[in-house]
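If you use the working numbering, the sequence shown corresponds to residues 10 to 276, in order. Just so it is clear, CB atoms sit at the ideal spot from N, CA and C, and this is done for glycine as well. It should be emphasised that the depicted structure is a prediction, and the values quoted were computed from it without experimental measurement. To start, the structure under review is shown below, and the notes come after it.
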Amino acid sequence: MTTFQGQTLSWQATDGTIELLLNRAPCNEIGSATLAELEQFVAALESLQKDARVLIISSARPEGFSAGADLRELYHGLHGSSSAERLARAQDFLLRMHRVMNTIDAAPMTTIAAVHGVTFGGGLELALTCDLIIADKMARFCFPELRLGLIPGFGGIPRLKRDVGNAVVRDLLLTGRSINAAKAQSVGLVSQVTAEGGALRVARATSPQLKKFNRETAIAAKRFIKPIPHEELRREIEIFCELLTRPTVEAGLRKFVESTDPFPYLP
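Next up, the structure:
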């Protein structure tokens with residue numbers, strides 16, 4: 010068994026299955042610390058994937074899978090800095106994040122996101138890198154970025170377009186509304202819906218089935234049915250960075266940071 014225990018996540022590999030567990034309070038917000046440990050994980054994948062057939066990503070936080078990007082960190086990074094400084098930091102962070110997401114997306118194994126509760130913004134983008142999303146019935150999916158004057162920046166739009174119809178993409182992006190697990194399954198975003206608290210159990214139960222098939226055949230099939238939209242991903246970074254320098258973004262982030270709501274990311 011191979012194991013790693015970090016400050017924001019952990020992983021273990023045993024019997025051909027890797028389990029990556031997100032665990033940063035309050036709801037797995039993705040900032041610089043999480044990104045650094047995700048980079049450690051994808052670096053380790055190079056050796057882990059030689060024996061692994063399945064990767065399961067889940068959350069230890071009761072609030073949900075992930076509330077998305079760490080908006081407080083983003084706000085403090087913008088506050089008081091010049092447009093050029095904002096742009097340079099944002100580009101570096103997004104390029105690093107996209108390398109992580111693309112590595113998981115293209116991993117030569119079957120990948121499962123086992124999600125529950127809040128699966129918003131960057132959390133949904135992480136789930137979308139996986140081949141299968143298994144959700145408990147209490148899961149909720151949302152792209153709230155337009156409320157801040159931004160678009161998803163971790164690859165969410167191109168990957169969502171790859172998986173579902175444009176009407177769903179426009180609804181999630183332009184309204185900022187959340188959808189529940191049943192709706193997500195009906196539009197093809199989620200492959201299975203489980204009882205509350207059952208997503209990880211079902212993902213683990215699915216793992217032996219995935220290991221029955223020839224490894225090389227499974228890899229070839231995945232590459233054929235799940236191409237990575239590199240050009241659209243590159244354009245997404247450009248648009249995000251263009252929007253980030255606008256005053257409305259800092260104002261939207263300030264409103265979020267100053268909110269007294271215990272869960273300000275909820276719609």
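A direct Cα-Cα distance of roughly 12 Å separates Leu157 from Val266. The continuous alpha helix (DSSP H) containing Ile248 extends over residues 239-253. Cβ contact annotation for Val177 (same chain, cutoff 7 Å, sequence separation greater than five): Val196, in chain order. Per DSSP, Val178 is one residue of the alpha helix (DSSP H) stretching across 175-184.
No Cβ-Cβ contact shorter than 9 Å links Ile39 with Gly126. Between Leu262 and Leu80, the gap from beta carbon to beta carbon is short of 9 Å.
For Gly73, the closest alpha carbon among the candidates Lys146, Ala61, Gln21 is that of Lys146.
Residue environment analysis places Leu137 among the buried positions, since at least 16 neighbouring C-beta atoms fall within 10 angstroms of its C-beta.
Minimum Cα-Cα distance from Gly25 among the listed residues Asn175, Ala61, Pro35, Thr112 corresponds to Ala61. His85 is classed as exposed because its beta carbon has fewer than 16 other beta carbons within 10 Å across all chains shown. Three or more beta-carbon pairs drawn from the segment 238-258 and the segment 158-178 are found closer than 8 Å, and the two stretches are therefore classed as touching.
Judged by DSSP in its simplified three-state form, Leu18 adopts strand. In terms of Cβ geometry, Gln218 and Leu141 do not form a close pair [threshold 9 Å].
Spatial neighbours of Met118 in its own chain (CB-CB distance under 7 Å, excluding positions within 5 residues in sequence) are listed in chain order as Gln58, Ala61, Arg62, Val63, Leu64. Counting along the chain, the unbroken beta strand (DSSP E) around Ser67 starts and ends at 63-68. Where Ser195 is concerned, the enclosing alpha helix (DSSP H) starts and stops at 190-195. Collapsing the DSSP output to three states places Thr269 in coil.
The Cβ-Cβ distance between Thr254 and Leu96 falls below 9 Å. The C-alpha of Pro153 is placed about 12 Å away from the C-alpha of Gly162.
Secondary structure at Leu96: helix, using DSSP grouped into helix, strand and coil.
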